[in-house]
Each structure stands twice: as structure tokens, then as C-alpha cells.
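Asks: Numbering (my numbering), first residue to last: 14 to 243.
By construction, the Cβ of each residue, glycine as well, lies at the ideal position given by its N, Cα and C atoms.
It should be emphasised that the depicted structure is a prediction, and the values quoted were computed from it without experimental measurement.
Take this structure, written in C-alpha cells, and hold onto it; I'll ask about it next.
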């Protein structure tokens, strides 16, 4: 066997899907009646466009930026994409770009996936300021919930969590629109913009929308406030 064949065989073994590997969809498309939003996984070809969107929205996103206080070495974009593929294989996380009319307008991720008795994950998102307030982020959240909680090709989780800084009114509007349940405050939960910040925690359960989260979003009148635990 030649050297190239040996390397290819080793790569196939190392990258072999596990029992928990995510069956990564090529894309998720909003149904008829919704804005024509597409969610797809990222590739190295997205680097320039993704960088342009982030640079253009630097001031808009900075107050809510999270980072690891113990890790100061930045990764390159190709390294980040490789990390995403690894997380998908391990079943730990998945990152989608939000695409409208062929252009990247934001990002939504499902991370911290736990299976077993919990079957839960955490959703994070950001959107280009020019597209904020048009219902695209709630639609993206609902699409990810439908895939992760209900579709046979998804990880079949039971609970989705969204955490937000209390001052982030736009993110609170998102959880209100998708009908998320308020669960309380997590003290000093996440490192945001150089400070450990408290976060409000919200959840969505698989049984909350048996008809589908997108369908519920499109048919419901937005509530005045998120549902609270009784």
C-alpha cells in the first residue's frame, strides 16, 4: 500500500463518525410562508464574507461578545472550520450561518450538547444589524429547534437553552417571540467583553410545540413577556 493510501486510511479511521455524530444537514430552509432564510454549515470558502460581516458589525456585537479568559491564542479561520467538523463528528456542537438571498447575515449555533438522561443543548446567535428586527433570528431559532428536537435526522434532544445578558433587550425579544420559558438568573455565568456576567436563562422543550416551532412561530401572536416557571 502506498504512502498516500495509508494516510487516507488513517484519516478515514480518525474521522469515522461515532454513535453521537451529528447527521449534519446540507442546509435547513424556512418553509413557505416564512422569510426565505437558509441555515447551512460553514466552510473555508466563507472566510472573506464572514469576516466582512463581522467587521461591519464590530460595534454592534461588541457588548455581547463572549471569550475564554484562559485562552489568548487566536485560531485561524481554517482551524476554526476544522474544529467545527470535529465537534460535529463528536456530536458536541454545530454552527450554521444564516443566509438570506445568497448573503451571510448572521450565525446560529447549537453547543454544549448532552445526551443520556438530559438530552439538552445551548443555542447562541448573532445577526447583522441591518437585518435585526425583521424576525429572522426567531425564525432561525425555531428552525434549529425543529431540527434538533423533532426531526429524525437531528440529535433528538429534549431541551434547548438560551442564555442572555439582562441588558440585551433584542435577545430578550427573540426568546419572547419563540415562546421560551424563563428559568431564572445564572450568576457570573459567562465571560462577556472582559467581565463575568450574570445571564437570564430560558428554555424550549420538545413538547412545547408538537406542531413544530416554525409553524408555531408563524401562527402565534407574540407574547408580552416570555413564559415563566410556575
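Taking just the CA atoms, how far does residue 65 sit from residue 157?
Replies: Near 25 angstroms, if we compare the C-alpha coordinates of residue 65 and residue 157.
Asks: Roughly how many angstroms lie between the CA atoms of residue 194 and residue 80, to the nearest whole one?
Replies: Whole-angstrom Cα-Cα distance: 26 angstroms.
Asks: Please look up how many angstroms separate the CB atoms of residue 38 and residue 150, rounded, as I've assumed it's under 8 angstroms.
Replies: Contact doesn't hold; Cβ gap of about 19 angstroms is too wide.
Asks: For residue 124, list the residues DSSP reports as bridge partners.
Replies: Residue 124 pairs with 135.
Asks: Identify whether residue 102 lies in helix, strand or coil by the three-state DSSP scheme.
Replies: Correct three-state label for residue 102: helix.
Asks: Report the residue from 148, 124, 207, 187 whose alpha carbon sits nearest the alpha carbon of residue 10.
Replies: Outside the shown range of the chain (14 to 243) lies residue 10, about which nothing can therefore be said.
Asks: Over what stretch of residues does the alpha helix (DSSP H) that includes residue 51 continue unbroken?
Replies: First-last for residue 51: 50-54, but that is the beta strand (DSSP E), not the alpha helix (DSSP H).
Asks: Going along the chain, which residues of its own chain have a beta-carbon closer than 7 angstroms to the beta-carbon of residue 225, five neighbours each way excluded?
Replies: The residues are 159, 163.
Asks: Residue 126 and residue 111: beta carbons closer than 8 angstroms?
Replies: No, the pair does not count as a contact, with Cβ atoms beyond the cut-off.
Asks: Out of 96, 228, 215, 56, which has the shortest C-alpha to C-alpha gap to residue 197?
Replies: Ranking 96, 228, 215, 56 by Cα distance to residue 197 puts 215 first.
Asks: Three Cβ pairs or more, each shorter than 8 angstroms: is that satisfied between the stretch 91-110 and the stretch 44-62?
Replies: With a cut-off of 8 angstroms, the stretch 44-62 and the stretch 91-110 count as touching, because enough Cβ pairs lie within range.
Asks: Alpha carbon to alpha carbon, how far is residue 76 from residue 84?
Replies: Straight-line Cα distance between these residues: approximately 19 angstroms.
Asks: Taking residue 176 as part of the beta strand (DSSP E), name the residues at either end of that continuous run.
Replies: Counting along the chain, the beta strand (DSSP E) containing residue 176 begins and ends at 172-177.
Asks: Taking the alpha helix (DSSP H) that residue 152 belongs to, which residues open and close that run?
Replies: Element bounds for residue 152: 149-158.
Asks: Let me check one thing: in DSSP terms, what residues is residue 111 bridge-paired to?
Replies: Partner(s): 52, 119.
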